[in-house]
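Chemist: Sharing a structure here in structure tokens format.
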Amino acid sequence: MTASPTEAPATAAAYVYGVVAAEAIPPIERQGVADARVRAIAEGSVAALVSGLPPGELRIRRRDLLSHLHVLEDAFAEGTVVPCAFGMVLSSEEAVRSEFLEPRHDELAGLLRRLDGHAQLNLRVAYAEDVVLQEIVAGDPTIAQLREQTRGLSEEAGYSMRMRLGELVAAALAAVREGDGQMILERLAPKAADIVVDDPGEDVLKASFLVAGKDAEAFDREIERVAEEQAPRLRIDVVGPLPPSAFATLEQGAWDS
Amino acid sequence: MAVAQRGTGSNYLQRAPSPSGLADVLSVILDKGIVIDAFVRISVIGIELITIDARIVIASVDTYLRFAEAVNRLDLTESGGMGLEDLKGDGNGTKRKAQGAIEGAKEKLTPNRDKESEKSRS
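Protein chains in written order, with this note's numbering: chain A, 215 to 471; chain B, 7 to 128.
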């Protein structure tokens, strides 16, 4: 292992990237957050990937965010990793042991077992808006009529009608969005071990899927099928396989703030 | 972000091994992953994270007007399958402003957010 106690003084704060099995510590060649060397601190059957952090205020740069991700990706390429959220810092390397690895040992070992052989795939589904808006106009006589009425009017003259039209369209869009989001979740759920659904904002669906290696192909094929069936109205973006950060949660792991 | 063109279904599916945009990177690493109380969280002030992470809030009035404009802009003489390419042909840039606002919503996750917001309101 690349552990090298001389890299940073023992008093330095420790930035934590994630947790791996102590018996399978991946070599991390790249520099971590604040350009520090990444190494492992083992405790029992688990080990934390950490790097030293200089004292004082740290100005986070874009490259630090990417470093965090890339360290996790490197570890993930070698085996199983339980990702930490960006920005997790303990006061010292000793604290990584005494405040994190020791008290959470069994829970972390359990997460490592659960995530073993799995990858995260992030899905974002958006409408080709024009196609869906056409469906909405075609399917709702009131909307179609309002559309005709407001088309030739100036912005001032047609303001209230236009507001009404927009309101109806927004409601119709929300309804189809929910239906399509649900449909996609139902199609993919049988191929996934777990799902975390995020707020899609203006998109149709934003979700992370935990997929076992043996199901990866079937999952991918199902996405392809959905994409083909739904073209051209839906656009699907798939990112992954990623380290399973969305599924790395401890019991008391919720954000306080 | 690449816009899917008309064509086979596969054009409507985009794959990437790793998140590329900063917003996507953040969605993987910022509020996901283990966290315990003992941790000190690095202050993320200093990078434009605050605005990047923020939801895109558009007042509902703006949203309604935007949808109204988007619907009015549709050319229904072509029944279905009208893609972005068809719109490009109409030569009227202002009519597509709403479209730009929608596409821009994602791009707003970049540090240019303020500028973009102004544009979509104008």
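Using N, Cα and C, we set each Cβ at its ideal position, and we do this for glycine too.
Bear in mind the structure is a predicted one, so any value in this text is a computation, not a measurement.
1. Here's a check: name, in chain order, each residue in its chain whose Cβ is nearer than 8 Å to the Cβ of A:Gln363, leaving out the five neighbours to either side.
2. Which chain A residues are close to B:Ala29, counting only those with a beta carbon under 7 Å from its beta carbon?
3. So if I threshold CB-CB distances at 8 Å, which residues from the stretch 433 to 447 of chain A count as touching chain B?
4. Evaluate the contact criterion for the stretch 382 to 399 of chain A versus the stretch 287 to 296 of chain A: three or more CB pairs, one atom per stretch, below 8 Å.
5. Quick one: does A:Ile516 have its CB under 8 Å from some CB of chain B?
6. Could you check whether the stretch 249 to 263 of chain A touches the stretch 311 to 319 of chain A, counting it as contact only if at least three pairs of C-beta atoms, one from each stretch, sit closer than 8 Å?
7. Any idea which residues DSSP pairs A:His319 with across the strands?
8. Under 8 Å between the Cβ atoms of A:Ala441 and A:Leu424?
9. Is there a C-beta anywhere in chain E that falls below 8 Å from the one on A:Thr356?
10. Quick one: measure Cβ to Cβ for A:Pro246 and A:Leu286, integer angstroms, because I've assumed they're closer than 8 Å.
11. On the three-state DSSP scale, how would you describe B:Leu36?
12. Go through the stretch 296 to 340 of chain A residue by residue and report every complete run of the beta strand (DSSP E) that reaches 3 residues or more, in order.
13. Using CA atoms only, rank isn't needed, just tell me which of A:Ile450, A:Gly415 and A:Met302 is closest to B:Ile40.
14. Spell out whether any CB of chain B is found under 8 Å from the CB atom of A:Arg376.
15. In three-state DSSP terms, what is A:Ser265?
16. Which chain B residues sit within Cβ distance under 7 Å of A:Ser459?
17. Would you be able to state if there are at least three C-beta pairs under 8 Å between the stretch 444 to 462 of chain A and the stretch 335 to 353 of chain A?
18. Indicate whether A:Arg250 and A:Leu263 have their beta-carbon atoms separated by less than 8 Å.
19. How many Å lie between A:Pro268 and A:Asp412 at the Cα?
20. Where A:Gln348 and A:Gln359 are concerned, what is the direct C-alpha to C-alpha distance, given to the nearest angstrom?
21. Can you name the start and end residues of the alpha helix (DSSP H) that A:Tyr373 belongs to?
22. Given a threshold of 16 other Cβ atoms within 10 Å of its Cβ, counted over all protein chains shown, does A:Val452 qualify as buried or as exposed?
23. Given a threshold of 16 other Cβ atoms within 10 Å of its Cβ, counted over all protein chains shown, does A:Leu335 qualify as buried or as exposed?
24. Along the chain, where does the beta strand (DSSP E) containing A:Ser368 start, and where does it finish?
25. With a cut-off of 8 Å on the beta carbons, I'd call A:Arg365 and B:Asn78 a contact; round off their distance for me.
26. Ignoring anything shorter than 3 residues, give me the beta strand (DSSP E) runs that lie fully in the stretch 223 to 247 of chain A, in order along the chain.
27. Between A:Leu283, A:Glu438 and A:Pro240, which lies nearest to B:Gln20 when the distance is taken from Cα to Cα?
28. Under a Cβ-count criterion, where at least 16 other Cβ atoms within 10 Å of its own Cβ denotes burial, should A:Arg311 be classed as buried or exposed?
29. Please tell me whether A:Val383 has its Cβ less than 8 Å away from any Cβ of chain B.
30. Are the beta-carbon atoms of A:Glu436 and A:Arg401 separated by less than 8 Å?
31. In three-state DSSP terms, what is A:Arg449?
32. I'd like to know whether the C-beta of A:Asp344 is nearer than 8 Å to at least one C-beta of chain B.
33. Do you know offhand how far B:Val34's Cα is from A:Glu370's?
34. Could you check where the beta strand (DSSP E) with A:Ser422 kicks off and where it finishes?
35. Can you list the residues of chain B that A:Glu392 reaches, using a CB-CB cut of under 7 Å?
Modeler: For this structure:
1. Gly372 and Met375
2. Here the premise fails: no neighbours, minimum Cβ distance about 10 Å.
3. Ile437, Glu438, Ala441, Glu442, Glu443, Gln444, Ala445 and Pro446
4. These segments do not touch.
5. Here chain A has residues from 215 to 471 only, and residue 516 of chain A is not among them.
6. Yes, they touch.
7. Note: A:His319 sits in no beta bridge, so no partner.
8. no
9. The structure shown contains no chain E; its protein chains are A and B.
10. Per the sequence shown, the amino acid found at residue 246 of chain A is Gly instead of Pro. Actually they do not touch by this definition, with Cβ atoms about 10 Å apart.
11. Here B:Leu36 sits in coil by DSSP.
12. 302 to 304
13. A:Met302
14. At least one chain B Cβ lies under 8 Å of A:Arg376.
15. Reduced to three states, the DSSP call for A:Ser265 is strand.
16. Chain B residues near A:Ser459: Val34, Ile35, Lys38 and Gly39.
17. Between the stretch 335 to 353 of chain A and the stretch 444 to 462 of chain A there are three or more C-beta pairs closer than 8 Å, enough to call the two in contact.
18. Residue identity differs from the one stated: residue 250 of chain A is Ala in this sequence, not Arg. The answer is no: Cβ separation not under 8 Å.
19. 34 Å
20. 13 Å
21. Tyr373 to Leu402
22. buried
23. buried
24. Premise fails: A:Ser368 is in no beta strand (DSSP E) and is neither H nor E.
25. 5 Å
26. Scanning the stretch 223 to 247 of chain A for uninterrupted beta strand (DSSP E) segments of 3 residues or longer gives 227 to 235, listed from N- to C-terminal end.
27. Comparing alpha carbon positions, the residue from A:Leu283, A:Glu438 and A:Pro240 closest to B:Gln20 is A:Glu438.
28. Flag for A:Arg311 reads buried.
29. True, the Cβ-Cβ gap to chain B drops below 8 Å.
30. Yes.
31. DSSP places A:Arg449 within a strand segment (E or B) once states are collapsed to three.
32. At least one chain B Cβ lies under 8 Å of A:Asp344.
33. So the alpha carbons of these two residues sit roughly 44 Å apart.
34. That run of the beta strand (DSSP E) goes Leu419 to Ala426.
35. Residues of chain B whose Cβ lies closer than 7 Å to the Cβ of A:Glu392 do not exist, since the nearest Cβ in that chain is about 16 Å away.
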